[in-house]
Amino acid sequence: MELALYTSTAGRCVLVPDCFLPSAESERRYGPLRRCGSVHLAEPVDDALWQRVLAELDRRSFAVLRRNDARRLLDTVDG
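Oh and the sequence shown: position 23 is 341 in my numbering, straight run, nothing missing.
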(Lines of atoms letter the chains of each structure in order from A and count residues from 1; the text may use other names and numbers.)
(Lines give C-alpha, C1' and ligand atoms only; values in the text may rest on other atoms or scores of the structure.)
Protein backbone atom coordinates (compact mmCIF):
# COMPACT_ATOMS: atom_id res chain seq x y z
CA MET A 1 0.00 0.00 0.00
CA GLU A 2 1.31 3.43 -0.95
CA LEU A 3 0.53 6.20 1.54
CA ALA A 4 1.05 9.95 1.27
CA LEU A 5 2.14 11.84 4.38
CA TYR A 6 0.84 15.35 5.02
CA THR A 7 1.65 17.73 7.87
CA SER A 8 -0.90 20.10 9.34
CA THR A 9 -0.70 23.52 10.92
CA ALA A 10 -2.32 21.89 13.97
CA GLY A 11 0.84 19.82 14.57
CA ARG A 12 -0.57 16.54 13.31
CA CYS A 13 0.45 14.17 10.53
CA VAL A 14 -2.22 12.89 8.19
CA LEU A 15 -1.80 9.73 6.14
CA VAL A 16 -3.96 9.11 3.08
CA PRO A 17 -3.75 6.52 0.31
CA ASP A 18 -1.28 7.90 -2.24
CA CYS A 19 -3.92 7.96 -4.99
CA PHE A 20 -6.18 10.26 -2.88
CA LEU A 21 -6.05 13.92 -1.96
CA PRO A 22 -6.79 14.86 1.66
CA SER A 23 -10.51 14.91 2.34
CA ALA A 24 -12.45 18.09 3.08
CA GLU A 25 -13.08 16.67 6.58
CA SER A 26 -9.35 16.29 7.29
CA GLU A 27 -8.61 19.83 6.10
CA ARG A 28 -11.52 21.25 8.08
CA ARG A 29 -10.41 19.48 11.27
CA TYR A 30 -6.63 19.93 11.01
CA GLY A 31 -6.19 23.03 8.87
CA PRO A 32 -4.27 23.34 5.62
CA LEU A 33 -2.26 20.20 4.84
CA ARG A 34 1.11 20.11 3.10
CA ARG A 35 2.40 16.95 1.45
CA CYS A 36 5.83 16.05 2.75
CA GLY A 37 6.44 12.53 1.44
CA SER A 38 5.18 9.05 0.81
CA VAL A 39 5.77 5.59 2.18
CA HIS A 40 5.27 2.05 0.89
CA LEU A 41 3.66 -0.21 3.48
CA ALA A 42 4.07 -3.93 2.87
CA GLU A 43 1.21 -5.87 4.43
CA PRO A 44 0.57 -7.71 6.68
CA VAL A 45 1.73 -5.42 9.45
CA ASP A 46 2.26 -6.73 12.96
CA ASP A 47 2.26 -3.43 14.86
CA ALA A 48 -0.63 -2.09 16.96
CA LEU A 49 -0.19 1.52 15.81
CA TRP A 50 -0.06 0.50 12.13
CA GLN A 51 -3.19 -1.60 12.69
CA ARG A 52 -4.95 1.49 14.09
CA VAL A 53 -3.82 3.53 11.07
CA LEU A 54 -5.12 0.88 8.67
CA ALA A 55 -8.47 0.71 10.51
CA GLU A 56 -8.82 4.52 10.31
CA LEU A 57 -7.99 4.45 6.59
CA ASP A 58 -10.72 1.85 6.05
CA ARG A 59 -13.23 3.86 8.07
CA ARG A 60 -12.66 7.39 6.76
CA SER A 61 -9.86 7.26 4.15
CA PHE A 62 -7.36 9.18 6.30
CA ALA A 63 -5.49 8.58 9.54
CA VAL A 64 -4.22 11.20 11.97
CA LEU A 65 -1.08 10.84 14.06
CA ARG A 66 0.92 12.94 16.44
CA ARG A 67 4.30 13.73 14.93
CA ASN A 68 6.23 11.49 17.34
CA ASP A 69 3.93 8.54 16.47
CA ALA A 70 4.42 9.25 12.75
CA ARG A 71 8.21 9.25 13.20
CA ARG A 72 8.07 5.95 15.08
CA LEU A 73 5.87 4.35 12.42
CA LEU A 74 8.00 5.56 9.55
CA ASP A 75 11.12 4.24 11.28
CA THR A 76 9.58 0.74 11.20
CA VAL A 77 9.07 0.77 7.42
CA ASP A 78 11.77 -0.92 5.36
CA GLY A 79 13.22 0.98 2.40
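All residues carry an ideal CB built from backbone N, CA and C; glycine is no exception.
All values derive from a computational prediction rather than experimental measurement.
Expected contact under 8 Å - CB spacing of residue i and residue j to nearest Å
i	j	result
Val-332	Ser-379	No, Val-332 and Ser-379 are not in contact; Cβ-Cβ is about 11 Å, not under 8 Å.
Leu-359	Asp-336	Not quite, the Cβ-Cβ distance comes to about 10 Å (not below 8 Å), so this is no contact.
Host alpha helix (DSSP H) of residue i (start-end)
i	result
Ser-344	342-348
Leu-372	366-378
Simplified DSSP assignment, three categories, for residue i
i	result
Val-332	strand
Leu-339	coil
Cβ neighbours of residue i in the same chain (closer than 7 Å, five flanking residues each side left out)
i	result
Glu-345	Leu-351
Phe-338	Ser-379
Ala-328	Tyr-348 and Gly-349
Same chain, Cβ closer than 6 Å to residue i, neighbours up to 5 away in sequence not counted
i	result
Arg-330	Tyr-348 and Val-382
Boundaries of the beta strand (DSSP E) in which residue i is found, first to last residue
i	result
Ala-381	381-384
Chain B within 8 Å of residue i, Cβ atoms only
i	result
Ala-360	In the structure shown, chain B does not exist; there is a single protein chain.
Pairs of beta-carbons, one from the stretch 365-376 and one from the stretch 346-357, closer than 8 Å: are there three or more?
no
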